[in-house]
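Structure first, commentary second.
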Amino acid sequence: MKAIIFDLDGVVVDTAKYHYLAWRKLAGELGFEFDISNNERLKGVSRMESLSIVLETGGMKGFTEEEKKELADRKNKYYLQMIRDIDESEILPGIPEFIAGLKERNYKIALGSASKSGRMILEKLKLAGLFDAIVDGNLVERAKPDPQVFVTAAELLKIPCESCIVVEDAEAGIEAARAGGMHSIGVGSKELLKEADIIVESTAELTGLMEALPLYRKN
Ligand code: B16
Ligand code: MG
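The numbering used here numbers the first residue of the sequence shown as 64 and each following residue consecutively.
Listed below in structure tokens is the structure:
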């Protein structure tokens, strides 16, 4: 293995809570409550697909494409307001140590996120400079479980897919890693992420896994 590709939301930072609050605000404006129990379905999926899921849970139908675009833009405006002041204190436990250890072992690291705000968030967390490649929702057309986001990251790193490990918290993300011929580490529930090669409960456990990774020489 020569590269680790990180998902953003749920792996590097918990932005899921802000996505949820923004969708809930939008749902409230449309006259229904978006329940937290449906939130898992939004993880890793694109903004427009998330909107379809949110509208479906509220039993809302019949919006034109233009109206859907306005709703998604409105949610994104709320989301951007909520993450305006996000900083290093919101990086998930163990991630800085894991990245430092990977760098010592000469692994390449990349971001593979569905979020169009991916790069901007990494910059706010002061992590962007550590990444050898950053692929976010602006660079890809097809959402996870399509492997495009991870395959693009591997191409930018010039590392074959089979030498990459994806770290993901979403079912759709693990499916995408597998579809791209990559290895995967799932962060979260054993039931949901059962297709991952290795599952850890929390990002704090990632450094423990690192000891098992081989060292590479710089070339
Ligand atoms: P945006 P990830 C995903 O991030 C989120 O998990 C998902 O809930 C969100 O809809 C998607 O990004 C798109 O985000 O609206 O900011 O473009 O887990 O792939 O890093
Ligand atoms: Mg995620």
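For every residue, glycine included, the Cβ atom is placed at its ideal position computed from N, Cα and C.
Next item on the list: Measure the CB-CB distance between I237 and L219 and report whether it falls below 7 Å.
Entry: no
Notebook entry, point to check: So, helix, strand or coil for F95, using DSSP?
Noted result: Assigned with DSSP and collapsed to three states, F95 falls in coil, not helix or strand.
Notebook entry, point to check: By how many angstroms is the C-alpha of P159 removed from the C-alpha of L188?
Noted result: Rounded to whole angstroms, L188 to P159 spans 11 Å at the Cα level.
Next item on the list: Report yes if the C-beta distance between R110 and A85 is below 7 Å; otherwise report no.
Entry: no
Checklist line | Cutoff 8 Å; reference Y141; Cβ partners in own chain excluding five residues on either side | finding: Taking C-beta separations shorter than 8 Å and ignoring five residues to either side along the sequence, the partners of Y141 in its chain run L84, A85, K88 and L89, following chain order.
Note to self: Any heavy atom of the ligand B16 inside 6 Å of the beta-carbon of S226?
What the structure shows: Checking the Cβ of S226 against the ligand B16 gives no.
Check: Under 6 Å from any heavy atom of the ligand MG, does the C-beta of K207 make it?
Finding: no
Notebook entry, point to check: Within 6 Å: the Cβ of G243 and any heavy atom of the ligand B16?
Noted result: no
Margin query: Under 6 Å: does the beta carbon of G251 sit that close to some heavy atom of the ligand B16?
Written below: Not a single heavy atom of the ligand B16 lies less than 6 Å from the C-beta of G251.
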